[in-house]
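Colleague:
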Amino acid sequence: MNHEFSVAEVMTTQGGTMCQYTEMTDAARKRVRAMHNWRRSQLALGNVQNGRNNYNCSQAANMYKMKYDCDLEKSALDYAKQCTLTPSVAYNQGENVHVGPLENDKTKAIATVGEKCTHWSTVIRSSEKKGYPGKTVNSTFFQAVKAWWGQIFRNGVNQRMIFLQNLRDKPNAPIAWSQMAWALSTRIGCAVVNCQSNTFTVCRYRQEGNILNQQIYQVGAPCSACTTSCLGEGLCATP
Numbered sequence: 001m002n003h004e005f006s007v008a009e010v011m012t013t014q015g016g017t018m019c020q021y022t023e024m025t026d027a028a029r030k031r032v033r034a035m036h037n038w039r040r041s042q043l044a045l046g047n048v049q050n051g052r053n054n055y056n057c058s059q060a061a062n063m064y065k066m067k068y069d070c071d072l073e074k075s076a077l078d079y080a081k082q083c084t085l086t087p088s089v090a091y092n093q094g095e096n097v098h099v100g101p102l103e104n105d106k107t108k109a110i111a112t113v114g115e116k117c118t119h120w121s122t123v124i125r126s127s128e129k130k131g132y133p134g135k136t137v138n139s140t141f142f143q144a145v146k147a148w149w150g151q152i153f154r155n156g157v158n159q160r161m162i163f164l165q166n167l168r169d170k171p172n173a174p175i176a177w178s179q180m181a182w183a184l185s186t187r188i189g190c191a192v193v194n195c196q197s198n199t200f201t202v203c204r205y206r207q208e209g210n211i212l213n214q215q216i217y218q219v220g221a222p223c224s225a226c227t228t229s230c231l232g233e234g235l236c237a238t239p
């Protein structure tokens with residue numbers, strides 16, 4: 001794929017003040033963080049369906065609220081600008097990637113696939129036949145987060161919430177979801193880049209999730225295993 005890129009249009013109008021990088025607005029940063037935290041809250045409260053079964057994921061005892069991280073944003077942006085599906089090397093960082101068509105590219109019908117990278121991140125290519133409903137970073141983030149989190153509705157995990165090898169290696173493994181749901185991933189930074197006819201959305205996480213034989217989160221009553229205070233909605237305060 002050609003490495004020519006342009007940062008999504010809305011991102012170049014006003015730089016934010018949360019981070020020194022001008023490619024992202026504060027509104028976009030807050031939005032993608034909120035998208036993650038709302039889903040983590042619903043998971044902690046036991047409101048997320050586990051696969052195609054008639055039961056939900058276990059409640060989470062130690063689900064921490066995420067904070068936005070400017071260094072992770074820079075790392076995500078540097079990788080997104082490469083406009084390539086070549087697996088990245090993000091040491092000590094988790095990663096999710098979503099690739100979808102631009103709004104004005106209505107010719108592509110891209111199959112949804114997951115690619116397991118060297119550090120067990122996921123690349124998802126959109127199955128949308130049309131582009132996003134508007135050239136905004138918020139709608140692009142929404143499509144990416146929806147695709148990543150939606151994995152759990154189609155392909156469930158064990159009720160103990162342990163990241164086992166058979167979970168990692170099974171077809172269509174929900175490893176983008178598990179990175180979003182990883183309780184100890186308390187920092188997030190994201191970027192969106194337009195690459196010719198595709199939009200690349202990249203989020204980086206710290207601590208890195210999807211560690212073999214570790215718990216995605218501790219099962220138990222919401223906030224019962226917080227090392228900090230409980231903020232309500234099932235989330236622990238960020239350490």
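At the far end of the sequence shown sits residue 239, using UniProt numbering, and the numbering has no gaps.
The beta-carbon is built from N, C-alpha and C at its ideal position, and this holds for glycine as well.
1) Flag this pair as touching only if the region 39-55 and the region 163-172 have three or more C-beta atom pairs under 8 Å; answer yes or no.
2) Taking only three categories from DSSP, how would you classify E233?
3) Return yes when the Cβ of L235 is within less than 8 Å of the Cβ of R40, no when it is not.
4) Mapping DSSP to helix, strand and coil, what is residue 267?
5) Consult DSSP for C226 and reduce its assignment to one of helix, strand or coil.
6) Taking the straight line between their C-alpha atoms, what separation do you get for C203 and T227?
7) Are the CB atoms of G209 and Q179 within a distance shorter than 8 Å?
8) Please name the residue, chosen from M18, R206, A61, that lies closest to Y91 on a Cα-to-Cα basis.
9) Ordered along the chain, which non-local residues of its own chain (more than five positions away) have a Cβ less than 7 Å from that of Y79?
10) Beta carbon of G191, beta carbon of L77: below 8 Å?
11) Tell me the DSSP bridge mates of Y68?
12) How is the alpha helix (DSSP H) around V137 delimited, first residue to last?
13) Identify which residue in D169, T84, T140, I211 has its Cα closest to the Cα of L184.
14) Report all residues from its chain with a CB closer than 6 Å to the CB of A176; omit the five preceding and five following residues, and keep chain order.
15) Around the C-beta of N155, are 16 or more other C-beta atoms found within 10 angstroms, so that it is buried, or is it exposed?
16) Around the C-beta of C223, are 16 or more other C-beta atoms found within 10 angstroms, so that it is buried, or is it exposed?
17) Shorter than 7 Å, the distance from the beta carbon of Q207 to the closest heavy atom of the ligand ZN, or not?
18) Please state if the CB of L72 and the CB of L160 are separated by a distance shorter than 8 Å.
Modeller: Reading off the structure:
1) Contact between the region 39-55 and the region 163-172 is absent, because fewer than three Cβ pairs lie under 8 Å.
2) As a working note, residue 233 is residue 233 in the sequence shown. Coil, per DSSP.
3) Mapped onto the sequence shown, residue 40 falls at position 40. Mapped onto the sequence shown, residue 235 falls at position 235. Yes, the pair counts as a contact, with Cβ atoms nearer than the cut-off.
4) No information on residue 267 is available, as it lies outside the stretch 1 to 239 that the chain covers here.
5) For the purposes of this step, residue 226 is identified with residue 226 of the sequence shown, where counting begins at 1. Looking at C226 - three-state DSSP - the assignment turns out to be coil, as it is neither helix nor strand.
6) Along the sequence shown, read from residue 1 onward, the residue named residue 203 stands at position 203. Along the sequence shown, read from residue 1 onward, the residue named residue 227 stands at position 227. Cα to Cα, C203 sits roughly 26 Å from T227.
7) Residue mapping note: residue 179 aligns to position 179 of the sequence shown, counting from 1. Residue mapping note: residue 209 aligns to position 209 of the sequence shown, counting from 1. The answer is yes: Cβ separation under 8 Å.
8) The count along the sequence shown starts at 1 and reaches residue 91 at position 91. Among M18, R206, A61, the Cα nearest to that of Y91 is on R206.
9) For this step, residue 79 is matched to residue 79 along the sequence shown. Only S88, V202 meet the Cβ criterion.
10) As a first step, residue 191 is located in the sequence shown; it is residue number 191 there, counting from the start. As a first step, residue 77 is located in the sequence shown; it is residue number 77 there, counting from the start. Just to set this straight, residue 191 is Ala in the shown sequence, not Gly. Contact: yes.
11) Numbered from 1 along the sequence shown, position 68 holds the residue referred to as residue 68. Answer is I188.
12) Residue 137 sits at position 137 when you count from the first residue of the sequence shown. Residues 137-149.
13) On the sequence shown, residue 184 is found 184 positions in, with the first residue counted as 1. Per the Cα distances, I211.
14) Along the sequence shown, one-based indexing puts residue 176 at 176. Excluding residues within five positions, the ones whose Cβ falls inside 6 Å are N96, T122, W148, Q151.
15) Residue 155 sits at position 155 when you count from the first residue of the sequence shown. N155 comes out buried.
16) By 1-based counting over the sequence shown, the position of residue 223 is 223. Buried, because 16 or more other Cβ atoms sit within 10 Å of the Cβ of C223.
17) In terms of ligand content, the structure shown is empty, and the ligand ZN therefore cannot be addressed.
18) Locating residue 160 in the sequence shown gives position 160, where the first residue counts as 1. Locating residue 72 in the sequence shown gives position 72, where the first residue counts as 1. Residue identity check: residue 160 is Arg in the sequence provided, not Leu. No; because the gap between Cβ atoms is not below 8 Å, this pair is not in contact.
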